[in-house]
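Participant: The structure that follows is given in the form of structure tokens.
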């Protein structure tokens with residue numbers, strides 16, 4: 001695959017993730033006080049996700065010079081497909097687990113991220129080929 005194809009694939013995947021997140025009423029309710037933009041970088045491909053009142057308003061591919069973000073999540077390109085599996089293996093099931101393995105890192109103003117941790121974990125759990133209900137499955141079983 002070319003880099004352009006990879007960027008298009010990841011952008012489309014993140015747009016599907018946003019669509020699933022916006023279709024989850026309880027998730028929107030949980031994030032109703034969140035208004036920020038953060039960067040999600042997968043490998044060398046940066047994407048800026050704009051959240052307003054709990055809805056993912058836009059997914060903008062980058063990198064964009066001088067584009068502001070509150071915090072950034074960097075995920076290794078090899079770890080992203082493992083994270084997106086319907087039932088990821090241990091170490092790739094959670095952003096903090098991937099950080100512990102050195103496959104991800106978080107930077108910037110972590111206060112809004114940590115204060116709304118469940119919201120951001122659930123948004124990221126909407127990634128992947130399935131219905132995007134991994135968080136529900138993980139907390140309530142299959």
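Residue numbers (the working numbering): 1 to 142.
Where is the CB? At the ideal position from N, CA and C, for every residue including glycine.
1. Report the three-state DSSP secondary structure of residue 142 (helix, strand or coil).
2. Does residue 46 come out as helix, strand or coil in the three-state DSSP assignment?
3. Look at residue 47 and residue 40 and say whether their C-beta atoms are less than 7 Å apart.
4. Near residue 109, what residues of its chain come up, given a Cβ to Cβ distance below 6 Å and the 5 sequence neighbours on each side ignored?
5. What does the alpha-carbon distance come out to for the pair residue 82 and residue 125?
6. Please identify the residue among 88, 44 and 19 whose C-alpha is closest to the C-alpha of residue 54.
7. Residue 13 to residue 128, Cα distance in whole Å?
8. Please give me, in chain order, every unbroken run of the beta strand (DSSP E) with length at least 3 that falls completely inside the region 55-120.
9. Could you compute how far the alpha carbon of residue 11 sits from the alpha carbon of residue 60?
10. How many Å lie between residue 94 and residue 29 at the Cα?
11. Return yes when the Cβ of residue 74 is within less than 7 Å of the Cβ of residue 118, no when it is not.
Facilitator: According to the data block:
1. The residue labelled residue 142 in the question sits at position 142 within the chain shown. Low confidence applies to residue 142: its pLDDT is 32, below 50, so where it sits in the model is not reliable, and the reading given next is rough at best. In this structure, residue 142 counts as coil in the three-state DSSP scheme.
2. As a working note, residue 46 is residue 46 in the chain shown. In the three-state scheme derived from DSSP, where H, G and I count as helix and E and B as strand, residue 46 is classed as strand.
3. For the purposes of this step, residue 47 is identified with residue 47 of the chain shown, where counting begins at 1. For the purposes of this step, residue 40 is identified with residue 40 of the chain shown, where counting begins at 1. Result yes, Cβ atoms of residue 47 and residue 40 sit closer than 7 Å.
4. For the purposes of this step, residue 109 is taken as the residue at position 109 of the chain shown. Taken in chain order, the residues that qualify are 70 and 71.
5. Here residue 82 refers to the residue found at position 82 when the chain shown is read from its first residue. Here residue 125 refers to the residue found at position 125 when the chain shown is read from its first residue. Whole-angstrom Cα-Cα distance: 12 Å.
6. As a working mapping, residue 54 is identified with position 54 in the chain shown. Residue 54 has its Cα closest to that of 19, out of 88, 44 and 19.
7. On the chain shown, residue 13 is found 13 positions in, with the first residue counted as 1. On the chain shown, residue 128 is found 128 positions in, with the first residue counted as 1. Cα-Cα distance, rounded: 7 Å.
8. 55-61, 71-75 and 104-108
9. In the chain shown, counting from the first residue as 1, residue 11 sits at position 11. In the chain shown, counting from the first residue as 1, residue 60 sits at position 60. Going by the C-alpha atoms only, they are around 8 Å apart.
10. Taking the first residue of the chain shown as 1, we reach residue 94 at position 94. Taking the first residue of the chain shown as 1, we reach residue 29 at position 29. C-alpha separation (whole angstroms): 22 Å.
11. The residue given as residue 118 occupies position 118 in the chain shown. The residue given as residue 74 occupies position 74 in the chain shown. Not in contact: residue 118 and residue 74 (Cβ atoms no closer than 7 Å).
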